[in-house]
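Asks: Each residue of the sequence shown is one higher than the last, beginning at 164 in my numbering. All residues carry an ideal CB built from backbone N, CA and C; glycine is no exception. Predicted, not measured: the structure shown is a model, and the values here were computed from it.
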Amino acid sequence: MVQFSSLFNGFAKTISKKSGRKNSREDVGREAANALAKEARKNELILSTSGFVNAISSHNCASLHSRQGKKGANQDRAIVWEEFGGQEDMIFCGVFDGHGPWGHLVAKRVRELVPSSLLCNWQKALAHNMDNLGFDNCLLDVWKQSHIKACSEVDQQLEQQAGSFYSGTTALTVVKQGDVMVVANVGDSRAVLATADDDGNLVAVQLTVDLKPNLPGERERIMRSKGRVWSSDDEPGVYRVWMPNPNGGVAVEGPGLAVSRAFGDYYIKDFGLISEPEFTFRNITFRDQFAILATDGVWDVVSNQEAVEIVSSAPERGESAKRLVEHAVCAWKRTRRGIAMDDMSAICLFFHNKLIV
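Printed below as a string of structure tokens:
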């Protein structure tokens, strides 16, 4: 932790000298985070398209793959940043599922903004909690507050993004630092862990909740904000957030949104939609083998356990995400004929050099 703070401040001082002007601490911090991202891209430590990344100095390795559906442009975006923030024991992964007419642009922008904003806020949180960093609860709280502030800042910045009023994106991110994993979820993408049971069999553990509007806690928040949760006759079982009817009638005002948390979508932000993430913290053990992050198109047709088995059976780790997505494509064609296939993206993050089963 201290090592990162020193490195980050070193970047900030260098940037401040080169710029020749007095920047605010926040501006300098943001520039330092962007400089770290630029350096990571130079060293090929950031992957934002389909492929595989594994830094020489790290035991982490990740596979990423995305497949366009049949609804138009691929609105999914994803990123893997090895040695996140210049730290050899850290990795950042994220999948972003855009929706609406300009969802692909919003998802791309959020993918660009979230990692740097998270780094900037984490550095500030470290500085404020330096005396307590030896306590696990403090470390987790630092990550939690950093994510909350980063998501809030990104959502505010998106107001300047063209098309973000009626478009948005979900965001599912993982930061793994050493043996600690922090999962932050905004929306209905899902993270699943593969871990070994007492008999050595890999079993799936769902790490996140698909944040749909009809979940009791989400519904209550939406209704307190005068929003409505409704499943139309055209889409039975698909619950959406709707604006209230200005005339007080039963009919709802559209468009409706099928997630209860998202970036963008400002037309409905006053009616219960939020961009604050839900968190899952986990200490990785020798039994935990890998995590899967995937957009909802994958989980619509593949169960958690199926996904774990597909990934673990891949001949090469670098092909694991592609193997999962291709399996989902085949499953969609087989089970959902006549329904336009959704975009599908997946990241497989491995924790050890070899599977321990």
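For the beta strand (DSSP E) containing Ala503, name the first residue and the last one.
Replies: Here residue 503 corresponds to residue number 340 of the sequence shown, with the count starting at 1. Counting along the chain, Ala503 falls outside any beta strand (DSSP E), and DSSP gives it neither H nor E.
Asks: Give the straight-line distance between the Cα atoms of Ser220 and Cys256, rounded to the nearest whole angstrom.
Replies: As a first step, residue 220 is located in the sequence shown; it is residue number 57 there, counting from the start. As a first step, residue 256 is located in the sequence shown; it is residue number 93 there, counting from the start. Residue placement at Ser220 is poorly supported in this model, since its pLDDT is 46, which falls under 50; the coordinates still yield a value, given next. Looking at the two C-alpha atoms, the distance is approximately 18 angstroms.
Asks: Less than 9 angstroms separating the beta-carbons of Arg274 and Ser508?
Replies: Here residue 274 refers to the residue found at position 111 of the sequence shown. Here residue 508 refers to the residue found at position 345 of the sequence shown. Against a cut-off of 9 angstroms, the Cβ pair of Ser508 and Arg274 comes out as no contact.
Asks: Per DSSP, Ile437 is paired with what?
Replies: Residue 437 sits at position 274 when you count from the first residue of the sequence shown. Ile437 is bridged to Arg424.
Asks: In three-state DSSP terms, what is Ser211?
Replies: Taking the sequence shown and counting its residues from 1, the one referred to as residue 211 is at position 48. If DSSP states are grouped into helix, strand and coil, Ser211 belongs with coil.
Asks: When you compare each of Glu479, Ser226, Ala200 to Ala454 by their alpha carbons, which one comes out closest?
Replies: Numbered from 1 along the sequence shown, position 291 holds the residue referred to as residue 454. The option with the nearest alpha carbon to Ala454 is Ser226.
Asks: Between which two residues does the alpha helix (DSSP H) holding Asn217 run?
Replies: Working through the sequence shown from its first residue, we reach residue 217 at position 54. Asn217 -> no alpha helix (DSSP H), and no H or E assigned at all.
Asks: Give me whichever residues DSSP pairs with Ala334 in a beta bridge.
Replies: As a first step, residue 334 must be located in the sequence shown, where it is residue number 171. Val349.
Asks: First and last residue of the beta strand (DSSP E) that includes His515?
Replies: For the purposes of this step, residue 515 is taken as residue 352 along the sequence shown, with counting starting at 1. No beta strand (DSSP E) holds His515; DSSP gives it neither H nor E.
Asks: Excluding the 5 residues flanking Leu370 on each side, which residues of the same chain have their C-beta closer than 6 angstroms to its C-beta?
Replies: One-based indexing of the sequence shown puts residue 370 at position 207. These residues qualify, in order along the chain: Val346, Ala354, Leu356, Thr443.
Asks: Rounded to the nearest angstrom, what separates Glu441 and Gln468 at their Cα positions?
Replies: Numbered from 1 along the sequence shown, position 278 holds the residue referred to as residue 441. Numbered from 1 along the sequence shown, position 305 holds the residue referred to as residue 468. Their backbone Cα atoms lie some 23 angstroms apart in a straight line.
Asks: Among Ser352, Ala270, Phe434, Pro379, which one has its Cα closest to the Cα of Arg387?
Replies: Along the sequence shown, one-based indexing puts residue 387 at 224. For the residues Ser352, Ala270, Phe434, Pro379, the minimum Cα distance to Arg387 belongs to Phe434.
Asks: Grab the span of the alpha helix (DSSP H) containing Trp462 for me, first residue to last.
Replies: Numbered from its first residue, the sequence shown carries residue 462 at position 299. Trp462 -> alpha helix (DSSP H) spans 459–462.
Asks: Since Arg424 and Gly350 are thought to touch, with beta carbons under 8 angstroms apart, how far apart are those beta carbons, to the nearest angstrom?
Replies: Counting from one through the sequence shown, the residue named residue 424 turns up at place 261. Counting from one through the sequence shown, the residue named residue 350 turns up at place 187. Sure, about 5 angstroms apart at Cβ, within 8 angstroms.
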